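Per the numbering used here, residue -9 is the first one in the sequence shown, and the count goes up by one each step.
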Amino acid sequence: MKKLTLILAITAGLAGRLSAATAESSKIFTPFFDMTLAENGYMPSEGNIFSGGNINTQVGLLAKITEKDQVFGLYNFNYGGPGFAPQDTKQFTDRTLTHGFNFEYRRSLGGHWRVRPGISLSKDYTRSGANETWDQGLYNTESKGFQLAVDYSFDAAHNGFITAQFLTRSIEFPNYTDLFQEFMNPSVTSELSGGQQDQRLTQVSLRPNWNKFFGGVTYTMQKYKNQKVVGATGVATYGDTSEKQEDTTTTLDFGFHHKLWIFELYPVIAYSVHDSNQNYIRYKSIGDVSPYFMADNYSYKELSFSVPLDLNITSKWAVGGAMSVVKRNYESRLRRDKFNNYVAGEKQENTMTTLTGSIRKRINDVAMVRLSYSLVVASSNNEFEQYMPYNYTGNSFGIAYQLSY
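What follows is the structure in structure tokens.
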């Protein structure tokens, strides 16, 4: 899912460059640069105070070859430090580092149509602990693939367009090995227990964009190359003929960015349905001889929305506020009590709500700085929190600098 998030972000970034590149079509070279640096301090209700930084940088260049032909290149660097995150996604201490490259050829087919074939390469690094090195992360990934997008502009000013896109990626986890599988099945070698997360990702989307309103539908399929579906009799053995894992995600989203008098509003809402055929066997201890089998453990429905609002006091100063909510309901997974026992008839539900207040100063036309405070309330009916926090409140203070042109 981390790699899926990266691909969606890069795809959205490319789509977001469409209107800007059209406006600059008279230039031979059009550069693009967007960088956000942030540092935050976190105070959770459970655990120690900690800090974390984030860096997100995109550097692109659009080159005009002829009146109908263009080439666009984009490099994305993203570092995500420790911080609060929705339940069942990552630990407070997790760190990620991403390098992504996209190269795209653009061909105009008249006044309204354009095709954009391209290729993508990326490397994603993870660290779960302070003593873990970046190159040895268990969930490090390498991705490569291609995409094809078709744009249709439905007004003369190019303020409105529809994009249909197909992309596919081969994603490998070079360091991943299933240590538990090796322990439970001594005959399984590390070579066979590795590569269980390797997958082929395919995604299709249809996204309209008009007058700073945007949205669309995205369907993503993940087909695992080696990972078998766990059966009721125990962990599936590698090399047998059992069913392989397949995940699908369908997402609908909508948002806009508009200014009204001294107010600037940019809300986004998304609804996702994630379906997986993978099951789960819960061992309460290494020597557990009667583990609990949980069918359809990973399928869920998730609703998320964010409503940021800035009140522009002057041309440079603004006061902001935001509310965001992420709510996930599992289709079959039962919640656990504090003793790690499943509670019959009660499905797991997670909710994370974040309230943010901020002060923004625009330094010039391309740079601004923002001071912020956030209150996070994470709640879940799952009471077993030995490995991951589910119920907590948190406070965070941060400063962010953004440079974009």
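Don't be surprised by glycine CBs; every beta carbon is placed ideally from N, CA and C. Predicted model, so just to flag it, every value in this text is computed and none were measured.
Could you tell me the boundaries of the beta strand (DSSP E) in which residue i lies?
i	result
residue 29	19 to 34
residue 48	40 to 54
residue 274	Segment: none, residue 274 is in no beta strand (DSSP E) and carries neither H nor E.
residue 298	290 to 302
residue 344	332 to 352
residue 282	282 to 284
residue 264	258 to 266
residue 394	382 to 394
residue 139	131 to 143
residue 433	Any question about residue 433 goes unanswered here, given that the chain covers just -9 to 395.
residue 315	307 to 326
residue 400	Lying before the first or after the last residue shown, residue 400 is absent from the chain, which here runs from -9 to 395.
residue 215	203 to 218
residue 372	Premise fails: residue 372 is in no beta strand (DSSP E) and is neither H nor E.
residue 93	85 to 98
residue 232	Careful: residue 232 lies outside any beta strand (DSSP E) and carries neither H nor E.
residue 82	Element bounds for residue 82: n/a, residue is neither H nor E.
residue 199	189 to 200
residue 166	Note, residue 166: premise wrong, no beta strand (DSSP E); not H, not E.
residue 70	59 to 70
Just to confirm, are residue i and residue j a CB contact at a threshold of 8 Å?
i	j	result
residue 149	residue 200	yes
residue 386	residue 74	yes
residue 212	residue 237	yes
residue 314	residue 329	no
residue 190	residue 158	yes
residue 91	residue 115	no
residue 340	residue 318	yes
residue 209	residue 235	no
residue 338	residue 363	no
residue 370	residue 77	yes
residue 132	residue 164	yes
residue 361	residue 348	yes
residue 220	residue 186	no
residue 388	residue 36	no
residue 254	residue 300	yes
residue 342	residue 368	yes
Quick one: residues in its chain with C-beta nearer than 8 Å to the C-beta of residue i, no 5 flanking neighbours on either side, listed in chain order?
i	result
residue 32	39, 40, 41, 42, 72, 73, 74, 82, 384, 385 and 386
residue 8	Low confidence applies here, because residue 8 scores a pLDDT of 43, under 50, leaving its location unreliable; read the following figure in that light. Cβ within range, chain order: 141, 151, 153 and 199.
residue 327	333, 373 and 374
residue 202	246, 247 and 248
Can you list, in chain order, the residues of its chain whose CB lies under 6 Å from that of residue i, leaving out five sequence neighbours each side?
i	result
residue 298	256 and 312
residue 111	91 and 134
residue 273	281
residue 144	150
residue 376	none
residue 107	95 and 138
residue 270	284 and 287
residue 118	84
residue 380	77, 370 and 372
residue 293	261 and 317
residue 109	93 and 136
residue 277	none
residue 344	314, 364 and 366
residue 47	25 and 67
Measuring CA to CA, which of the options is closest to residue i?
i	options	result
residue 241	291, 271, 55 and 276	291
residue 67	370, 342 and 45	45
residue 394	378, 93 and 354	354
residue 244	206, 162 and 109	206
residue 233	252, 208 and 266	266
residue 136	335, 101 and 94	94
residue 304	98, 336, 251 and 275	251
residue 356	306, 342, 369 and 345	306
residue 88	18, 17 and 125	125
residue 56	80, 70, 381 and 17	17
residue 128	186, 166, 161 and 378	166
residue 161	195, 204 and 113	113
residue 346	325, 214 and 310	310
residue 61	130, 105, 204 and 215	105
Excluding sequence positions up to five away, which residues of its chain have a Cβ less than 7 Å from the Cβ of residue i?
i	result
residue 358	350, 351, 352 and 392
residue 58	97 and 98
residue 70	44, 85 and 86
residue 302	252, 254 and 308
residue 382	34, 35, 36 and 368
residue 80	none
residue 217	186, 187, 234 and 235
Could you tell me if the beta carbon of residue i falls within a distance shorter than 7 Å of some heavy atom in the ligand SAM?
i	result
residue 301	Absence of the ligand SAM is noted for the structure shown, with no ligands found whatsoever.
TODO: Flag this pair as touching only if the region 243 to 263 and the region 276 to 286 have three or more C-beta atom pairs under 8 Å; answer yes or no.
DONE: no
Open item on the list: With three or more beta-carbon pairs closer than 8 Å as the criterion, would you say the region 46 to 53 touches the region 17 to 27?
Closed with: When C-beta atoms of the region 46 to 53 are compared with those of the region 17 to 27, three or more pairs fall below 8 Å, so the two segments count as touching.
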